[in-house]
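First the structure, in the form of C-alpha coordinates, and then the observations on it.
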Amino acid sequence: MSQEIIDLEREIHILKKIWKLLVSNEEIKLSRNDRETRITAEVVYNVGLCICLYDITKLEDSYIFPGDGASHTKVHFRYVVFHPFLDEILVGKIKYSSQEGVYVTMGFFDDILIPPESLQQPAKFDEAEQVWLWEYETDGGAHDLYMDQGEEIRFRVMDEVFVDTSPTGPASAQPANPAQPGQSTTPPVEDSGEKKEAPYMLIGTICEPGLGLLSWWSS
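Right under this line is the structure:
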(Lines of atoms letter the chains of each structure in order from A; the text may use other names.)
(Lines give C-alpha, C1' and ligand atoms only; values in the text may rest on other atoms or scores of the structure.)
Protein backbone atom coordinates (compact mmCIF):
# COMPACT_ATOMS: atom_id res chain seq x y z
CA MET A 14 0.00 0.00 0.00
CA SER A 15 1.34 3.41 -0.98
CA GLN A 16 2.10 5.83 1.81
CA GLU A 17 3.97 9.11 1.68
CA ILE A 18 5.58 11.29 4.32
CA ILE A 19 4.78 14.96 3.74
CA ASP A 20 5.85 18.20 5.41
CA LEU A 21 3.03 20.26 6.94
CA GLU A 22 2.84 23.46 8.95
CA ARG A 23 -0.03 24.28 11.28
CA GLU A 24 -0.76 26.56 14.21
CA ILE A 25 -1.97 24.82 17.38
CA HIS A 26 -3.71 26.25 20.45
CA ILE A 27 -2.41 25.31 23.90
CA LEU A 28 -4.55 26.07 26.96
CA LYS A 29 -3.06 28.51 29.46
CA LYS A 30 -3.62 26.15 32.41
CA ILE A 31 -1.29 23.52 30.93
CA TRP A 32 1.31 25.96 29.63
CA LYS A 33 3.57 25.31 32.65
CA LEU A 34 3.73 21.59 31.71
CA LEU A 35 5.24 22.27 28.30
CA VAL A 36 8.92 21.59 28.78
CA SER A 37 11.37 19.52 26.68
CA ASN A 38 9.96 16.06 25.89
CA GLU A 39 6.62 16.77 27.53
CA GLU A 40 6.11 19.67 25.13
CA ILE A 41 6.71 17.46 22.10
CA LYS A 42 4.46 14.72 23.48
CA LEU A 43 1.59 17.12 24.07
CA SER A 44 2.02 18.72 20.66
CA ARG A 45 2.03 15.28 19.06
CA ASN A 46 -1.23 14.31 20.73
CA ASP A 47 -2.82 17.60 19.73
CA ARG A 48 -1.76 17.14 16.12
CA GLU A 49 -3.05 13.59 15.93
CA THR A 50 -6.41 14.62 17.35
CA ARG A 51 -6.85 17.48 14.89
CA ILE A 52 -5.45 16.06 11.66
CA THR A 53 -5.90 12.26 11.64
CA ALA A 54 -8.37 11.24 8.89
CA GLU A 55 -8.22 14.72 7.34
CA VAL A 56 -7.83 14.95 3.57
CA VAL A 57 -5.27 17.46 2.34
CA TYR A 58 -6.30 18.74 -1.09
CA ASN A 59 -4.20 17.21 -3.90
CA VAL A 60 -2.08 15.36 -1.32
CA GLY A 61 -4.10 12.52 0.23
CA LEU A 62 -5.57 11.15 3.46
CA CYS A 63 -3.61 11.90 6.65
CA ILE A 64 -3.01 8.69 8.61
CA CYS A 65 -0.70 9.48 11.51
CA LEU A 66 2.01 11.81 12.72
CA TYR A 67 5.55 10.79 11.71
CA ASP A 68 7.58 13.37 13.62
CA ILE A 69 7.76 17.02 14.68
CA THR A 70 10.60 18.90 13.02
CA LYS A 71 10.27 22.38 14.52
CA LEU A 72 8.34 24.33 17.16
CA GLU A 73 8.33 28.09 16.68
CA ASP A 74 7.78 30.78 19.29
CA SER A 75 4.43 30.87 21.07
CA TYR A 76 2.16 33.90 21.27
CA ILE A 77 -0.80 34.87 23.42
CA PHE A 78 -3.29 37.23 21.80
CA PRO A 79 -5.45 39.74 23.72
CA GLY A 80 -8.69 38.21 24.95
CA ASP A 81 -7.50 34.62 24.32
CA GLY A 82 -6.42 32.38 27.19
CA ALA A 83 -4.49 29.99 24.94
CA SER A 84 -1.09 30.24 23.36
CA HIS A 85 -0.64 29.96 19.59
CA THR A 86 2.35 27.95 18.38
CA LYS A 87 3.36 27.26 14.79
CA VAL A 88 4.45 23.62 14.43
CA HIS A 89 6.36 22.08 11.55
CA PHE A 90 5.82 18.33 11.28
CA ARG A 91 5.78 15.37 8.91
CA TYR A 92 2.74 13.19 8.36
CA VAL A 93 2.14 9.74 6.90
CA VAL A 94 -0.38 10.11 4.08
CA PHE A 95 -2.41 7.49 2.20
CA HIS A 96 -2.13 8.32 -1.49
CA PRO A 97 -1.98 5.29 -3.83
CA PHE A 98 -0.32 5.81 -7.18
CA LEU A 99 -2.26 5.16 -10.37
CA ASP A 100 -2.21 1.48 -11.47
CA GLU A 101 -1.40 0.35 -7.93
CA ILE A 102 -3.21 -2.86 -6.91
CA LEU A 103 -4.99 -2.81 -3.54
CA VAL A 104 -7.18 -5.21 -1.58
CA GLY A 105 -10.28 -4.02 0.26
CA LYS A 106 -13.77 -5.19 1.18
CA ILE A 107 -17.06 -4.53 -0.58
CA LYS A 108 -18.99 -1.98 1.47
CA TYR A 109 -22.17 -1.92 -0.64
CA SER A 110 -23.36 -1.87 -4.24
CA SER A 111 -25.69 0.36 -6.23
CA GLN A 112 -26.46 1.20 -9.83
CA GLU A 113 -23.38 3.47 -9.71
CA GLY A 114 -21.11 0.49 -9.13
CA VAL A 115 -19.36 -1.31 -6.28
CA TYR A 116 -18.18 0.74 -3.28
CA VAL A 117 -15.08 -0.59 -1.52
CA THR A 118 -13.66 0.14 1.92
CA MET A 119 -10.09 -0.21 3.17
CA GLY A 120 -11.26 -0.04 6.78
CA PHE A 121 -9.82 3.45 7.29
CA PHE A 122 -10.93 4.81 3.89
CA ASP A 123 -14.35 4.22 2.32
CA ASP A 124 -14.48 6.45 -0.76
CA ILE A 125 -13.53 3.91 -3.43
CA LEU A 126 -15.81 3.25 -6.40
CA ILE A 127 -15.59 0.60 -9.09
CA PRO A 128 -18.01 1.74 -11.83
CA PRO A 129 -20.06 -0.79 -13.83
CA GLU A 130 -17.92 -0.53 -16.98
CA SER A 131 -14.85 -1.43 -14.91
CA LEU A 132 -16.26 -4.67 -13.50
CA GLN A 133 -15.51 -8.11 -14.93
CA GLN A 134 -17.67 -8.38 -18.05
CA PRO A 135 -20.40 -9.26 -18.70
CA ALA A 136 -21.69 -7.78 -15.46
CA LYS A 137 -25.29 -7.37 -14.28
CA PHE A 138 -26.92 -5.60 -11.33
CA ASP A 139 -29.37 -7.73 -9.33
CA GLU A 140 -32.10 -5.30 -8.25
CA ALA A 141 -33.61 -7.71 -5.73
CA GLU A 142 -30.33 -8.47 -3.95
CA GLN A 143 -28.78 -5.03 -4.64
CA VAL A 144 -25.49 -6.61 -5.70
CA TRP A 145 -23.46 -6.83 -8.89
CA LEU A 146 -22.64 -10.18 -10.42
CA TRP A 147 -20.26 -11.47 -13.06
CA GLU A 148 -21.88 -13.74 -15.65
CA TYR A 149 -18.90 -16.06 -15.99
CA GLU A 150 -18.96 -18.15 -19.15
CA THR A 151 -17.77 -21.77 -19.04
CA ASP A 152 -18.13 -24.76 -21.35
CA GLY A 153 -21.09 -25.85 -19.25
CA GLY A 154 -22.84 -22.49 -19.54
CA ALA A 155 -22.90 -19.21 -17.63
CA HIS A 156 -22.41 -19.02 -13.86
CA ASP A 157 -23.46 -16.02 -11.80
CA LEU A 158 -20.62 -14.94 -9.48
CA TYR A 159 -22.08 -12.53 -6.94
CA MET A 160 -20.08 -9.68 -5.43
CA ASP A 161 -21.57 -9.78 -1.94
CA GLN A 162 -21.10 -7.20 0.78
CA GLY A 163 -18.08 -7.90 3.00
CA GLU A 164 -16.21 -9.96 0.38
CA GLU A 165 -12.52 -9.19 -0.08
CA ILE A 166 -11.80 -7.68 -3.49
CA ARG A 167 -8.58 -6.96 -5.36
CA PHE A 168 -8.68 -3.89 -7.63
CA ARG A 169 -6.41 -1.59 -9.57
CA VAL A 170 -6.44 2.17 -8.94
CA MET A 171 -7.53 3.74 -12.21
CA ASP A 172 -8.10 7.37 -11.26
CA GLU A 173 -8.39 9.75 -8.29
CA VAL A 174 -10.69 12.69 -7.67
CA PHE A 175 -9.99 15.55 -5.26
CA VAL A 176 -12.78 17.98 -4.38
CA ASP A 177 -12.08 21.25 -2.58
CA THR A 178 -14.54 21.18 0.33
CA SER A 179 -13.23 24.31 2.02
CA PRO A 180 -16.01 26.43 3.58
CA THR A 181 -17.32 29.23 1.40
CA GLY A 182 -18.88 32.50 2.48
CA PRO A 183 -22.61 33.19 2.21
CA ALA A 184 -23.93 34.13 -1.19
CA SER A 185 -23.97 37.88 -1.67
CA ALA A 186 -26.68 37.91 -4.32
CA GLN A 187 -30.03 39.25 -3.15
CA PRO A 188 -33.21 37.25 -3.93
CA ALA A 189 -35.09 38.36 -7.03
CA ASN A 190 -38.33 38.78 -5.06
CA PRO A 191 -37.81 40.42 -1.62
CA ALA A 192 -39.68 38.85 1.25
CA GLN A 193 -42.98 40.49 2.11
CA PRO A 194 -43.72 41.65 5.67
CA GLY A 195 -44.34 38.59 7.85
CA GLN A 196 -42.85 36.21 5.25
CA SER A 197 -39.99 33.94 6.36
CA THR A 198 -36.60 34.49 4.72
CA THR A 199 -35.35 31.01 5.68
CA PRO A 200 -34.59 28.92 2.55
CA PRO A 201 -36.65 25.75 2.01
CA VAL A 202 -35.29 22.60 3.62
CA GLU A 203 -34.71 20.90 0.27
CA ASP A 204 -32.40 23.76 -0.85
CA SER A 205 -29.98 23.17 2.05
CA GLY A 206 -30.03 19.37 1.87
CA GLU A 207 -27.28 19.00 -0.72
CA LYS A 208 -25.39 15.72 -0.93
CA LYS A 209 -22.02 16.03 0.73
CA GLU A 210 -19.16 15.32 -1.66
CA ALA A 211 -16.19 13.22 -0.63
CA PRO A 212 -13.01 15.34 -0.57
CA TYR A 213 -10.96 12.45 -1.97
CA MET A 214 -12.17 9.47 -4.00
CA LEU A 215 -10.44 6.61 -5.77
CA ILE A 216 -11.82 5.06 -8.97
CA GLY A 217 -10.88 1.40 -9.41
CA THR A 218 -11.19 -1.38 -11.94
CA ILE A 219 -11.38 -5.18 -11.74
CA CYS A 220 -11.77 -5.76 -15.48
CA GLU A 221 -8.56 -7.81 -15.75
CA PRO A 222 -7.53 -11.42 -15.07
CA GLY A 223 -6.67 -11.93 -11.41
CA LEU A 224 -8.72 -8.93 -10.21
CA GLY A 225 -12.04 -9.11 -8.42
CA LEU A 226 -13.08 -11.21 -5.44
CA LEU A 227 -10.19 -13.13 -3.92
CA SER A 228 -12.41 -16.22 -3.78
CA TRP A 229 -12.64 -16.22 -7.58
CA TRP A 230 -8.93 -16.88 -7.97
CA SER A 231 -8.17 -18.95 -4.86
CA SER A 232 -8.18 -22.33 -6.61
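Offset between the sequence shown (1-based) and the working numbering: plus 13. Where is the CB? At the ideal position from N, CA and C, for every residue including glycine.
Whole angstroms are fine: how far does the CA of D123 sit from the CA of D177?
18 Å
Where do the N-terminal and C-terminal ends of the beta strand (DSSP E) with V176 fall, by residue?
Per DSSP, V176 belongs to no beta strand (DSSP E) and is neither H nor E.
Give every residue of the same chain whose Cβ lies closer than 6 Å to the Cβ of K76, excluding the five residues on either side of it in the sequence, and list them in chain order.
According to the sequence shown, residue 76 is Tyr rather than Lys. Cβ within range, chain order: H85.
Where S131 sits in the DSSP three-state scheme:
helix
Sort V88, A83, L99 and L215 by Cα distance to D68 and report the nearest one.
When V88, A83, L99 and L215 are compared, the shortest CA-CA separation from D68 is found for V88.
Apart from the five residues on each side of it in sequence, which residues of its chain come closer than 8 Å, Cβ to Cβ, to A136?
P129, W145, L146, W147 and E148
Looking at the secondary structure, which residues open and close the beta strand (DSSP E) in which I216 lies?
Y213 to T218
Q133 and G217 look like a contact to me (Cβ under 8 Å); what is the Cβ gap, rounded to whole Å?
That belief does not hold up - the Cβ atoms of Q133 and G217 are roughly 12 Å apart, past 8 Å.
For E101 and G80, what's the separation of their Cα atoms in angstroms?
51 Å
Beta-carbon proximity list for G114, same chain, < 7 Å, skipping 5 on both sides:
L126, I127, P128 and P129
Helix, strand or coil at S231 [DSSP, three-state]:
coil
Could you give the C-beta distance for C220 and S131, rounded to a whole number, given that I count them as a contact under 8 Å?
5 Å
What separation, rounded to the nearest whole angstrom, lies between the Cα atoms of E140 and W229?
22 Å
Using only the alpha-carbon positions, how far apart do L62 and G154 sit?
44 Å
Every unbroken alpha helix (DSSP H) within the region 89 to 132, with a cutoff of 4 residues, ordered by chain:
none
What's the gap between the Cα of V104 and the Cα of I166?
6 Å
So within the region 135 to 159, which uninterrupted alpha helix (DSSP H) runs reach at least 4 residues, ignoring any that extend past its ends?
Runs found: none.
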